[in-house]
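See below for the structure under consideration.
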Amino acid sequence: MINIIPLLCTGCQQPIWDPYLLCIDQNIWHEQCVTCSICHCLLHNKCLVRNQKLYCRSDYIK
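Quick note: the sequence shown, position 59, residue 59 per the UniProt record's numbering, numbers continuous.
The structure is reproduced here in structure tokens:
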């Protein structure tokens, strides 16, 4: 029997069983958990990281 231990999402701390996951700044995320720390918009194409928090461009430059 193979014992599989799932990776935990950095955003929600829940196991990732999805076929796709994102690796951002050496952390693993569910696709739906990659949101801006300020406005909570979903970050589809780009995100910026500061102090291990994700930001959209407009909130990062504030």
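Where a beta carbon is used, it is the ideal one built from N, C-alpha and C, also for glycine. All values derive from a computational prediction rather than experimental measurement.
In this structure, what does DSSP give as the bridge partners for residue i?
i: I2; result: DSSP output for I2 lists no bridge partner at all.
i: C47; result: Note: C47 sits in no beta bridge, so no partner.
Would you kindly report the start and end of the unbroken beta strand (DSSP E) that includes residue i?
i: Y55; result: 53–55
i: N27; result: 27–29
For residue i, I'd like the list of residues in its chain whose CB is within less than 6 Å of its CB, leaving aside the five on either flank, ordered along the chain.
i: K53; result: S37
What does a CB cutoff of less than 8 Å around residue i pick up in its chain, not counting 5 residues either side in sequence?
i: I28; result: L7, L8, C9, T10, I16, L21, L22
i: Q32; result: L42
i: H50; result: Note that residue 50 is Arg in the sequence shown here, rather than His. So the list reads Y60, once near-sequence residues are dropped.
Between residue i and the rest of its own chain, which residues show a CB-CB distance below 7 Å, the 5 nearest in sequence each way excluded?
i: H48; result: Looking at the sequence itself, residue 48 is Leu, so the reference to His does not match. The residues are Y55, R57, Y60.
i: C39; result: C56, D59
What did DSSP end up calling residue i once you bin it into helix, strand or coil?
i: C33; result: helix
Express the C-alpha separation of residue j and residue i in angstroms, rounding to a whole number.
i: T35; j: Q26; result: 16 Å
i: Q14; j: I4; result: 15 Å
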